[in-house]
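Chemist: Residue numbers for the sequence shown, in numbering that gives the first Met the number 0: 0 to 422.
Ideal Cβ placement from N, Cα and C applies to all residues, glycine included.
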Amino acid sequence: MEDKYLIEGGTTLHGSVCISGSKNASLPLLAASLLTADKCVFKGVPQLLDIRNMVKMLSGLGAQVNHQGGQMVIQARELRETEKLHLYARKMRASFLLLGPLLVRLGEVCLPLPGGCAIGSRPVDLHLKGLSALGARFQMEKGYIRASAGELRGCDVTLSYPSVGATENIMMAAAAAQGKTRIINAAMEPEIVDLADFLNKMGARVTGAGTRVIEVEGKPELHGAAHTVIPDRIEAGTYMIAAAATGGQVHLQRVAPEHLRAVIDKLREAGVTIEEGNNELLIKAGRKMHSLKITTGPYPSFPTDLQPQFAVLLSVVPGESTITETVFENRFLYTRGLQQMGAQIRVDGCTARIRGTKSLIPAQVEATDLRAGAALVIAGLIAPGRTEISGVYHLDRGYEKLEVKLASLGAKISRVADQAANL
Ligand code: UD1
Numbered sequence: 000m001e002d003k004y005l006i007e008g009g010t011t012l013h014g015s016v017c018i019s020g021s022k023n024a025s026l027p028l029l030a031a032s033l034l035t036a037d038k039c040v041f042k043g044v045p046q047l048l049d050i051r052n053m054v055k056m057l058s059g060l061g062a063q064v065n066h067q068g069g070q071m072v073i074q075a076r077e078l079r080e081t082e083k084l085h086l087y088a089r090k091m092r093a094s095f096l097l098l099g100p101l102l103v104r105l106g107e108v109c110l111p112l113p114g115g116c117a118i119g120s121r122p123v124d125l126h127l128k129g130l131s132a133l134g135a136r137f138q139m140e141k142g143y144i145r146a147s148a149g150e151l152r153g154c155d156v157t158l159s160y161p162s163v164g165a166t167e168n169i170m171m172a173a174a175a176a177q178g179k180t181r182i183i184n185a186a187m188e189p190e191i192v193d194l195a196d197f198l199n200k201m202g203a204r205v206t207g208a209g210t211r212v213i214e215v216e217g218k219p220e221l222h223g224a225a226h227t228v229i230p231d232r233i234e235a236g237t238y239m240i241a242a243a244a245t246g247g248q249v250h251l252q253r254v255a256p257e258h259l260r261a262v263i264d265k266l267r268e269a270g271v272t273i274e275e276g277n278n279e280l281l282i283k284a285g286r287k288m289h290s291l292k293i294t295t296g297p298y299p300s301f302p303t304d305l306q307p308q309f310a311v312l313l314s315v316v317p318g319e320s321t322i323t324e325t326v327f328e329n330r331f332l333y334t335r336g337l338q339q340m341g342a343q344i345r346v347d348g349c350t351a352r353i354r355g356t357k358s359l360i361p362a363q364v365e366a367t368d369l370r371a372g373a374a375l376v377i378a379g380l381i382a383p384g385r386t387e388i389s390g391v392y393h394l395d396r397g398y399e400k401l402e403v404k405l406a407s408l409g410a411k412i413s414r415v416a417d418q419a420a421n422l
């Protein structure tokens with residue numbers, strides 16, 4: 000059954016919202032739990048479609064997974080490759096994060112080339128290059144990658160681009176490899192630091208996470224560990240932008256402001272007032288908002304996962320703004336839906352030029368990927384009248400209880416069965 004959102008727009012968001020644990024941190028953490036036969040315990044893993052699919056893959060491999068009362072317990076005593084793994088692995092790109100841990104535990108594995116959001120070709124060459132340097136061998140077979148490895152050995156790996164997933168895969172394999180690995184030009188995202196913290200709790204020695212050079216001293220026997228997932232900075236950023244775009248005032252709880260520096264800076268530049276606390280943020284929409292220029296990039300630059308949402312805000316800010324996307328080559332598909340809602344956006348190569356209008360108009364639109372869907376929801380909140388958004392399953396991949404949280408902030412949003420999609 001597919002669902003759609005009905006949004007009666009034109010209300011401002013007010014109140015307090017608690018940010019969930021990070022999806023993008025949870026996925027590699029769950030993969031890393033396969034590195035040991037011991038129990039791993041995670042707190043704060045969000046209830047999301049992507050997480051449910053990852054859990055299905057872990058159980059398909061033979062791991063025991065128990066997700067109850069905000070705690071997830073995983074124990075991978077014995078593992079084996081199954082059809083169930085292949086079925087779910089095809090659906091999500093993050094399945095590729097299993098490659099490093101499965102090479103460690105099984106010595107060989109066959110994984111489908113990953114799917115995921117329709118935002119460009121998203122190759123996996125850097126994952127393969129890094130794991131090959133540690134001693135893995137790969138063969139391509141009609142949409143599959145067959146991987147095998149004897150003993151993995153640490154070495155220097157230089158990434159031509161600081162890929163988040165490749166850095167994570169190499170870190171996980173290196174944590175169980177013989178000797179020291181140095182990842183040069185590594186990704187610096189907070190999710191990388193969270194994974195390093197967990198690997199250290201498992202007995203590996205990871206230093207330098209959060210900088211461009213990560214060193215991993217492997218331990219052939221890693222043990223179980225307990226870990227609390229960091230807050231989701233992209234979910235937090237989405238609520239911050241929604242508060243600003245609807246002219247509201249929202250208090251975010253259980254948030255890490257230090258992970259949101261580029262977003263906070265850009266919102267302030269646009270005229271939004273932001274008060275920062277230890278684990279909290281207060282967002283107050285500005286009376287007078289300004290146009291601006293944004294360029295996405297690897298952390299600590301502005302996150303690509305928040306540019307569609309920011310484009311909506313800039314659509315109702317006077318003057319001309321530009322967004323330049325440097326991470327993915329095809330991340331402006333969402334602009335069609337926004338244009339249907341009256342946004343004045345022109346895409347020119349990797350730059351979107353946005354001319355601010357007074358407001359947006361309600362429409363029937365379709366979410367084409369996760370963050371595109373979030374952008375349409377914010378647009379629906381702004382546009383006075385009824386907006387219908389189909390393709391809600393994209394949002395279910397990455398936003399925990401989205402309609403419940405937005406409704407608690409005063410939004411008029413409901414989830415209904417999408418009769419047309421279910422015919
Ligand atoms: C992760 C995030 C995703 C986010 C992205 C960039 C997860 C589960 N997903 O995705 O939400 O948008 O980081 O912040 O954490 N690339 C290659 N070869 C590779 C790997 C990547 O060319 O082997 C390219 C990609 O095509 C893309 C760029 O590098 O253009 C960034 O990709 P990467 O950092 O790997 O993103 P993901 O880990 O897939």
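Given a cut-off of 7 Å, decide if Ile229 and Ser21 are closer than it, judged by their beta-carbon atoms.
Modeler: In the sequence shown, the residue the question calls residue 21 occupies position 22. In the sequence shown, the residue the question calls residue 229 occupies position 230. Closer than 7 Å, so yes.
Chemist: With a Cβ-Cβ cutoff of 7 Å, do Ala284 and Gly246 count as a contact?
Modeler: Walking along the sequence shown from the start, residue 284 turns up at place 285. Walking along the sequence shown from the start, residue 246 turns up at place 247. Against a cut-off of 7 Å, the Cβ pair of Gly246 and Ala284 comes out as a contact.
Chemist: Could I get the ranges of all uninterrupted beta strand (DSSP E) runs contained in the segment 340–422, with 3 residues as the minimum, in chain order?
Modeler: As far as the segment 340–422 is concerned, its whole beta strand (DSSP E) runs of at least 3 residues are 343–347, 350–354, 363–365, 384–389 and 411–416.
Chemist: How many Å lie between Leu280 and His250 at the Cα?
Modeler: Against the sequence shown, residue 280 aligns to sequence position 281. Against the sequence shown, residue 250 aligns to sequence position 251. Each residue's Cα considered, the two are about 6 Å apart.
Chemist: Measure how close the beta-carbons of Glu107 and Ala146 come, nearest whole angstrom, since I'm counting them as under 8 Å.
Modeler: Counting from 1 along the sequence shown, the entry for residue 107 is found at position 108. Counting from 1 along the sequence shown, the entry for residue 146 is found at position 147. Right, their Cβ atoms sit about 6 Å apart.
Chemist: Could you spell out where the alpha helix (DSSP H) holding Pro189 opens and where it closes?
Modeler: Position 190 of the sequence shown holds residue 189. First-last of the alpha helix (DSSP H) with Pro189: Pro189 to Lys200.
Chemist: Would you mind reading off the limits of the beta strand (DSSP E) that contains Arg181?
Modeler: Mapped onto the sequence shown, residue 181 falls at position 182. Bounds of the beta strand (DSSP E) holding Arg181 are Lys179 to Ile183.
Chemist: Exposed or buried, what is Thr210 when buried is set at 16 or more other beta-carbons lying within 10 Å of its beta-carbon?
Modeler: Locating residue 210 in the sequence shown gives position 211, counting from the first residue. Exposed, because fewer than 16 other Cβ atoms sit within 10 Å of the Cβ of Thr210.
Chemist: Can you give me the C-alpha to C-alpha distance between Phe331 and Asp49, rounded to a whole angstrom?
Modeler: Indexing the sequence shown from 1 puts residue 331 at position 332. Indexing the sequence shown from 1 puts residue 49 at position 50. The straight-line gap from Cα to Cα measures roughly 22 Å.
Chemist: Buried or exposed: where does Gly324 fall if 16 or more other Cβ atoms within 10 Å of its Cβ makes it buried?
Modeler: Along the sequence shown, one-based indexing puts residue 324 at 325. The sequence shown places Glu at residue 324, rather than the Gly named in the question. Classification of Glu324: buried, given that the 10 Å Cβ count is 16 or more.
Chemist: Restricting to Cα atoms, I'd like to know which of Ser314, Ala175 and Arg370 is closest to Arg345.
Modeler: The sequence position of residue 345 within the sequence shown is 346, counting from 1. It is Ser314.
Chemist: For the pair the segment 388–395 and the segment 349–360, tell me if three or more CB-CB distances fall below 8 Å.
Modeler: No contact exists between the segment 388–395 and the segment 349–360.
Chemist: Between Ala241 and the rest of its own chain, which residues show a CB-CB distance below 7 Å, the 5 nearest in sequence each way excluded?
Modeler: Along the sequence shown, one-based indexing puts residue 241 at 242. For Ala241, where only same-chain residues beyond five positions count, the Cβ hits under 7 Å are Leu12, Ile377 and Leu380.
Chemist: Nearest chain D C-beta to Leu422 closer than 7 Å, yes or no?
Modeler: Absent from the structure: chain D. Only one protein chain is present.
Chemist: Answer yes if the segment 399–416 comes into contact with the segment 25–32, meaning at least three C-beta pairs across the two stretches below 8 Å, and no otherwise.
Modeler: no
Chemist: Are the CB atoms of Gly276 and His289 within a distance shorter than 7 Å?
Modeler: Mapped onto the sequence shown, residue 289 falls at position 290. Mapped onto the sequence shown, residue 276 falls at position 277. No, the Cβ-Cβ distance between His289 and Gly276 is not below 7 Å.
Chemist: Going straight from the alpha carbon of Ala416 to that of Asp2, what length do you get?
Modeler: Here the question's residue 416 lines up with position 417 in the sequence shown. Here the question's residue 2 lines up with position 3 in the sequence shown. Each residue's Cα considered, the two are about 4 Å apart.
Chemist: Apply the 10 Å Cβ neighbour rule to Gly59 and answer buried if 16 or more other Cβ atoms are within range, or exposed otherwise.
Modeler: For the purposes of this step, residue 59 is taken as the residue at position 60 of the sequence shown. Buried, by the Cβ-count rule.
Chemist: Using a Cβ-Cβ cutoff of less than 6 Å, which residues in the same chain neighbour Lys292 once the five nearest sequence positions on both sides are dropped?
Modeler: Translated into positions along the sequence shown, residue 292 becomes position 293. Once the five neighbours on either side are set aside, the close Cβ partners of Lys292 are Thr321.
Chemist: Suppose you measure from the CA of Ile118 to the CA of His66; what does that come to, to the nearest Å?
Modeler: Against the sequence shown, residue 118 aligns to sequence position 119. Against the sequence shown, residue 66 aligns to sequence position 67. Summary for Ile118: the model assigns pLDDT 44, below 50, so the residue's position carries little reliability, and this model does not support an answer.
Chemist: If we ignore side chains and look at the alpha-carbon of each, how far apart do Thr367 and Ile73 end up?
Modeler: Position 368 of the sequence shown, counting from 1, holds the residue named residue 367. Position 74 of the sequence shown, counting from 1, holds the residue named residue 73. Their Cα atoms are separated by approximately 32 Å.
Chemist: Quick one: does the C-beta of Tyr398 sit closer than 6 Å to a heavy atom of the ligand UD1?
Modeler: Locating residue 398 in the sequence shown gives position 399, where the first residue counts as 1. The answer is no for Tyr398.
Chemist: What three-state label does DSSP hand Val311 in the structure shown?
Modeler: Translated into the one-based positions of the sequence shown, residue 311 becomes position 312. DSSP places Val311 in helix when its eight states are reduced to three.
Chemist: Where DSSP assigns a beta bridge to Arg152, which residues make up the other side?
Modeler: As a first step, residue 152 must be located in the sequence shown, where it is residue number 153. Paired residue(s): Gln177.
Chemist: Which two residues bound the contiguous alpha helix (DSSP H) that contains Asn52?
Modeler: Here residue 52 corresponds to residue number 53 of the sequence shown, with the count starting at 1. Leu48 to Gly59 is the extent of the alpha helix (DSSP H) around Asn52.
Chemist: Figure out for me which residue from Gly153, Leu133, Arg104 and Leu125 has the closest Cα to the Cα of Pro161.
Modeler: Within the sequence shown, residue 161 is the residue found at index 162, counting from 1. That would be Leu125, whose Cα lies nearest to the Cα of Pro161.
Chemist: Mind checking which residues open and close the beta strand (DSSP E) that includes Glu324?
Modeler: Taking the first residue of the sequence shown as 1, we reach residue 324 at position 325. DSSP places Glu324 outside any beta strand (DSSP E), giving it a letter other than H or E.
Chemist: Need the endpoints of the alpha helix (DSSP H) that Lys128 sits in, please.
Modeler: Residue 128 sits at position 129 when you count from the first residue of the sequence shown. It spans Asp124 to Ala132 - the alpha helix (DSSP H) in which Lys128 sits, taken as one unbroken run.
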